[in-house]
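Here's the structure, in structure tokens; my notes come after.
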Amino acid sequence: MSSAIMASGERFNLNKDWPMRRSFVRRSLFAASALAAAPGGALASGFAVEHQNAAAQGAAYAGAQAKGADAGFAAFNPAALAGLDRAEFSANATVLFGKTGYENASATLLGAFPASGLSADDGVLPVAFVPASAIAFPVSDRLTLGLTITSPFGLRSEYDVASAARYYAQDADLLTIAVAPTAAYEVTDRIAIGASLRIQYADLTVSQVVDAGGVAFLNTIPGFAPGSSDLFAEFKADDVAIGFLAGAQVEPVDGFRLGFSYASKIEHDFNGEATFDIAGSPAAAVLNGAVGLFADTDFTSTLRLPASYSLGASADVSERVTLLASVALTNWSVFDQFVLDFANPAQPPEIITANWDDSWSFGIGAEYQASDATALRAGFAYDETPVTDQFAGPRIPDTDRRWLNAGVSHAFSDRLTVDLAAGLNVAPKTREIRLDGTAPGDFLRGALTADVNVDTYTVSLRSRFKF
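Reading the sequence shown from the start, the letters are residues 20 to 486 in our numbering.
Printed below as a string of structure tokens:
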């Protein structure tokens, strides 16, 4: 099959130079676990998930690393298990909901062909559910063992197949669940350490629209033009990987506690299956018959999930009031590209360029002990986005987030405590998409401009039972 001349004057070889487009991560529109997917505007930066504990959410997760003697806080710092005087079980459920939309969307294919499609669309995000749980057993005066089940990362994105952004983003789901055996030890009455082995399962399902008409046009196949013969493709894979979480807590003086935790980087090496609906695309059918493009095939890919460093503080300023603060750094710069390599030698690799930056998050909060049984919490958090302006796309139109949270806890007995919290993004920001199609993997996706908005809300409920 002949090659075609690109607008730049360079020759385009179908079998060598075309990086097939795939829409992977849009924004963490919704977080997920392997038990249930959850929409994600209410996450930490990128597509990390913080929703593991309603008591922590009530204070905007401020000081969560410094909270001790509570199994439900081991997800933030494994040293939190230290100091328990009896076995306990913590179960948390977070519901996420909201709305999303884009406007002013326009796309150009191959530098000269306007792409058809919806220029604006609004919708309600599907209600989603994120579970988390923990159990712990003191085995001596100083040693406590436990197990946590959480969802550290996840996302769900959904775009209409008729969207002008369809070549950059369709549907994507990343579901994760981490099972973490945990141990904590009280070194002294004021120092505790802990560690968790994180065994993490990840399931990835991605669908995309491919401009097969544009590929045929570039290769001088009569009867086709860019945007004239779209192809639907889907990619599925899963993997289990290992990481760890380690932390320490120190109480230098009565009423003041510091906590530090480190979560390691985790790499998922996916081996999956790619399927192409060539029956729905005449151009894809021709290309498949001519050179073997778009044949169902296996693929491999590596997804690098970042390490993070977190520091939290808790200060009792009176018998009833506790002030809380946190700061965290997430090494999102490891997420530079996401590449799918196909077993089919005729299928060029799929490249998603991210080039994310490391990001910071900050939180402040307070807890008021209204009575012996009831505590009230409130907090504010700022999450810096790792997404850069140059590479921001509809896959993950992440922006800096400012979260306002409030919560309440009530002890119904000396064995049962229930926590309730709610949060909202009080200053949502429009993400401007300005992609010129020159990044690796974007040539056939074309140029895209759009303005994307995501508003999300969260409600969390936790029960904590002591045996």
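Backbone N, C-alpha and C fix where the C-beta goes; we use that ideal spot for every residue, glycine too.
Rounded C-alpha distance that separates residue i from residue j
i    : j    : result
N374 : A394 : 43 Å
G262 : T321 : 15 Å
G87  : A98  : 7 Å
T207 : I383 : 28 Å
D376 : F462 : 23 Å
S198 : A101 : Note on residue identity: the sequence assigns Val, not Ser, to residue 198. Cα-Cα distance, rounded: 19 Å.
S352 : S432 : 46 Å
S482 : V272 : 30 Å
A360 : A231 : Here the sequence assigns Asp to residue 360, which means Ala is not the residue at that position. About 19 Å.
P364 : L467 : 30 Å
Y187 : L264 : 35 Å
K448 : Q76  : 22 Å
Sub-9 Å separation of residue i and residue j beta-carbons
i    : j    : result
R276 : S329 : no
F92  : A74  : yes
A134 : S125 : yes
Q219 : I285 : yes
L223 : A256 : yes
D391 : E403 : no
L137 : P245 : no
A202 : T163 : yes
V68  : P171 : yes
A221 : A282 : no
G213 : N96  : yes
F410 : A469 : no
Anticipated Cβ contact below 8 Å, residue i with residue j, distance rounded
i    : j    : result
A151 : G165 : In fact, because the Cβ distance is near 13 Å, the residues do not count as touching under 8 Å.
A362 : F399 : Contact doesn't hold; Cβ gap of about 49 Å is too wide.
R453 : V471 : In fact, because the Cβ distance is near 12 Å, the residues do not count as touching under 8 Å.
A94  : T167 : 5 Å
I196 : L250 : 32 Å between Cβ atoms; not a contact.
Reference residue i, options the options, closest by Cα
i    : options                : result
F486 : A74, G308, A90         : A90
S176 : A458, N363, T119, R481 : T119
A302 : W351, L237, A282       : L237
V146 : E386, F116, T163, F156 : F116
A112 : L100, F410, H70, N123  : H70
V473 : A267, F484, Y121, S64  : Y121
L343 : G274, S283, F289, A411 : G274
F295 : S283, L312, Y281, G77  : L312
E205 : S159, V114, L454, A309 : S159
R105 : F156, G426, V310, I297 : F156
Contacts around residue i, its chain only, beta-carbon distance under 6 Å, and the 5 residues preceding and following it disregarded
i    : result
S226 : Q189, D190, E253
G331 : G82, A83, Q84, A85, G278, S345
L480 : A73, A112, L439
A430 : A392, T436
V269 : I210, L277
F108 : I154, F484
V478 : V114, A441
Close-in-space but distant-in-sequence residues of the same chain around residue i (CB under 8 Å, 5 per side omitted)
i    : result
V340 : A385, E386, Y387, Q388
7 Å Cβ shell around residue i - same chain, five flanking residues per side excluded
i    : result
L423 : F399, G442, L443, V445
D455 : A466
Any non-hydrogen atom of the ligand NAP closer than 8 Å to residue i Cβ
i    : result
P245 : With respect to the ligand NAP, the structure offers nothing, as it holds no ligand at all.
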